[in-house]
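Visitor:
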Amino acid sequence: MHTAKQSFINEQEISKTLDKHSTPSAEEVNEVLVKAREMKGLNLQDVAILTSVTDPVQLEKLFQTANHIKDTIYGKRLVIFAPLYISNLCANECTYCAFRAKNKAIVRRSLTQPEIVKETEMLIKQGHKRVLLVAGESYPNHDFQYVLDSVRSVYEAKHNNAEIRRVNVNVAPLTVEEFKLLKNEKIGTYQIFQETYHQPTYKKVHTGGLKMNYAWRVTALHRAMEAGIDDLGIGVLLGLYDYRFDLLAMMQHIGELERVFGVGPHTISVPRIEPATGSDMASNPPYVVSDFEFRKIVAILRLAVPYTGIIMSTRENAKTRTETFSLGVSQISAGSRTNPGGYEHDDEISGQFSLGDHRSLDEVIRDVAQMGYVPSFCTGCYRLGRTGQDFMDIAKPGTIKAHCGPNALSSFMEYVNNYASPETKKTGIQLIESTIADMEGLPAERARKLVDRVNRGQSDVFC
Ligand code: SAM
Ligand code: SF4
12 MHTAKQSFIN EQEISKTLDK HSTPSAEEVN EVLVKAREMK GLNLQDVAIL
62 TSVTDPVQLE KLFQTANHIK DTIYGKRLVI FAPLYISNLC ANECTYCAFR
112 AKNKAIVRRS LTQPEIVKET EMLIKQGHKR VLLVAGESYP NHDFQYVLDS
162 VRSVYEAKHN NAEIRRVNVN VAPLTVEEFK LLKNEKIGTY QIFQETYHQP
212 TYKKVHTGGL KMNYAWRVTA LHRAMEAGID DLGIGVLLGL YDYRFDLLAM
262 MQHIGELERV FGVGPHTISV PRIEPATGSD MASNPPYVVS DFEFRKIVAI
312 LRLAVPYTGI IMSTRENAKT RTETFSLGVS QISAGSRTNP GGYEHDDEIS
362 GQFSLGDHRS LDEVIRDVAQ MGYVPSFCTG CYRLGRTGQD FMDIAKPGTI
412 KAHCGPNALS SFMEYVNNYA SPETKKTGIQ LIESTIADME GLPAERARKL
462 VDRVNRGQSD VFC
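Here is the structure:
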């Protein structure tokens, strides 16, 4: 069944569209930018036009449009999460990844459930509320139950009455039955990256194991939807192939999900290949994406799918992260480790790839807050059942701001009161107060009430 479905990625159409719009006129670009401001998204042709923009004046207009959309829909919120690597066992041979089966240069480890609880406690102690659980594609005793148990262990971990409130998952494609089991564990988002939609390149960089099956991977989100998981994350690994092709292919994938299931992905991740132990290709990616192109990609995505969150990980250094916040990034990881057990004992050699940002959560939070962005640990929508289409329905500028703005502030107040260093606390309180002062009407009223409740000792308050 899945082979028929993958025809939604039409390589010929992508190549033809890119060729046709390789040198767009200033009018054509302006038309797309005007359309983007309506915040109804863009089609394949529009995205092709934007990927071809090279004129500095037009690029500046593209960035300004992205900034306008980001501000209108997301305001100054930045959702914060931490990855939790539970195992680096893997049966696949992805040439860019340190976890690939034949790589002898890393120490293999799968955390036991008590170890997962311990790692989670370390994250809770730092102030985290949202975790992205990550694993290679091979589980102890070849038993998928390991992943299910691990999700439960993360939710069960406690420290001083605090807990992780949302577990997102990034593991290899599953069957519909397995997705149903995962849904039963109350996961937040299921995330999977196609790496590249370009089949010849996909074949070249995946040389062993189940991941060689392009069709099985590209249809994973269909099976997740069929199993009732409607909060999905999508992405490509930037650097494997021409990003222009992969952006258009991702648009086709999104279009297909919207057509078949009535809702597209909840998030898009923009990982760039980073150096990885034992991988020559990760140090010399075939299609390097420059810092500038990276910003352009984020801006185009912000215009193309305005209501889909954009996730940037600790792969990027602090400078790039700062530059891309204003263009549309809405979620970032902070204080991350990519080796199983890394929060207790760090060992970067056995990590999945090198990190570009080594700062602690507190340092990242302070920096973000000093830039005027409100770090959000909110998990309200998910816990109120606002997922999939229900989330998209409230994800309209006015409505989302009335919920997410106040919720971001109350969850940040909780962080400030319980986990922040004195310096971060000072910055945080100033930011919370000035943000509420700038708000009006219902959002301002709600924010004041929620923040006051947190200051009276309540936790986990949201609207
Ligand atoms: N094993 C599962 C899979 O491949 O889908 C899930 C976990 S895998 C560790 C998560 C993602 O890490 C992959 O989808 C890939 O995009 C990314 N990744 C692998 N090697 C990387 C590298 N050298 N730099 C940046 N990201 C990398
Ligand atoms: Fe394994 Fe995933 Fe790494 Fe590929 S990307 S080697 S499947 S962990």
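Position 112, counted from 1, in the sequence shown is what the working numbering calls 123; the numbers after and before it change by one each time, with no gaps.
For glycine and all other residues, C-beta sits at the position ideal for the given N, C-alpha and C.
Since we're looking at a predicted model, the values are computed, not measured.
Classify His13 as helix, strand or coil using the three-state DSSP reduction.
Guide: Residue placement at His13 is flagged as unreliable, the pLDDT there being 48, under the threshold of 50; the coordinate-derived value follows with that caveat. Reduced to three states, the DSSP call for His13 is helix.
Visitor: Note down, in chain order, each residue of its chain lying with its Cβ closer than 6 Å to the Cβ of Met12, except the 5 sequence neighbours on either side.
Guide: Caution is warranted here: a pLDDT of 44 is assigned to Met12, below 50, making its placement in the model unreliable, and the coordinate value is therefore given only provisionally. Cβ neighbours of Met12 beyond the five flanking positions: none.
Visitor: Once you ignore the five residues that flank His32 on each side, which residues in its own chain have a CB closer than 7 Å to its CB?
Guide: These residues qualify, in order along the chain: Gln56, Ala59, Ile60, Ser63.
Visitor: For Met236, does the count of other Cβ atoms within 10 angstroms reach 16, so buried, or fall short, so exposed?
Guide: buried
Visitor: Report the rounded CA-to-CA distance for Phe74 versus Met261, giving the unit in angstroms.
Guide: 21 Å
Visitor: Count Cβ pairs between the region 343-358 and the region 96-110 that sit closer than 8 Å; are there 3 or more?
Guide: yes
Visitor: If we ignore side chains and look at the alpha-carbon of each, how far apart do Thr288 and Leu251 end up?
Guide: 17 Å
Visitor: Could you tell me if Ala77 is buried or exposed, where buried requires 16 or more neighbouring beta carbons within 10 angstroms of its beta carbon?
Guide: buried
Visitor: In three-state DSSP terms, what is Ser422?
Guide: Shown here, Ser422 sits in a helix according to DSSP, grouped into three states.
Visitor: Report the residue ranges of all beta strand (DSSP E) runs contained in full by the region 255-309; include only those spanning at least 3 residues, in chain order.
Guide: Entirely contained in the region 255-309, the beta strand (DSSP E) runs reaching 3 residues are, in chain order, 278-280.
Visitor: For Glu189, which residues from the same chain have a beta carbon less than 7 Å from its beta carbon, with the 5 sequence-adjacent residues on both sides left out?
Guide: So the qualifying residues of the chain are Phe155.
Visitor: Would you call the region 120-137 and the region 450-470 touching, i.e. three or more CB-CB distances under 8 Å?
Guide: They do not touch, by the three-pair rule.
Visitor: Leaving out five residues on either side along the sequence, give the residues of the same chain with a beta carbon under 6 Å from the beta carbon of Ala293.
Guide: Tyr107, Ile284, Pro286, Ala287
Visitor: Grab the span of the beta strand (DSSP E) containing Ala146 for me, first residue to last.
Guide: 141-146
Visitor: Taking contact to mean 3 or more Cβ pairs, one atom from each stretch, closer than 8 Å, check whether the region 185-202 and the region 213-226 are in contact.
Guide: no
Visitor: Start and end of the alpha helix (DSSP H) containing Val158?
Guide: For Val158, the enclosing alpha helix (DSSP H) covers residues 156-167.
Visitor: Which one of Leu268, Pro67, Ala109, Lys412 has the shortest CA to CA distance from Ile20?
Guide: Leu268
Visitor: Taking 6 Å as the limit between beta carbons, can you name the residues of its chain near Phe92, skipping five residues before and five after?
Guide: Arg141, Leu143, Ser344
Visitor: Here's the rule I'm using: 16 or more other beta-carbon atoms within 10 Å means buried, otherwise exposed. How should Gln441 be labelled?
Guide: exposed
Visitor: Taking only the alpha-carbon atoms, compute the straight-line gap between Asn179 and Tyr150 and give it to the nearest angstrom.
Guide: Those two C-alpha atoms are separated by around 18 Å.
Visitor: For Gly391, which option in Thr325, Thr438, Leu461 has the closest C-alpha, if you only look at C-alpha atoms?
Guide: Leu461
Visitor: Under the criterion of a Cβ to heavy atom distance below 7 Å, does Asn103 qualify as lining the ligand SF4?
Guide: Because some heavy atom of the ligand SF4 lies under 7 Å away, the Cβ of Asn103 counts as near it: yes.
Visitor: Excluding five sequence neighbours on each side, which residues of the same chain lie with their C-beta closer than 7 Å to the C-beta of Lys412?
Guide: Gly86, Pro454
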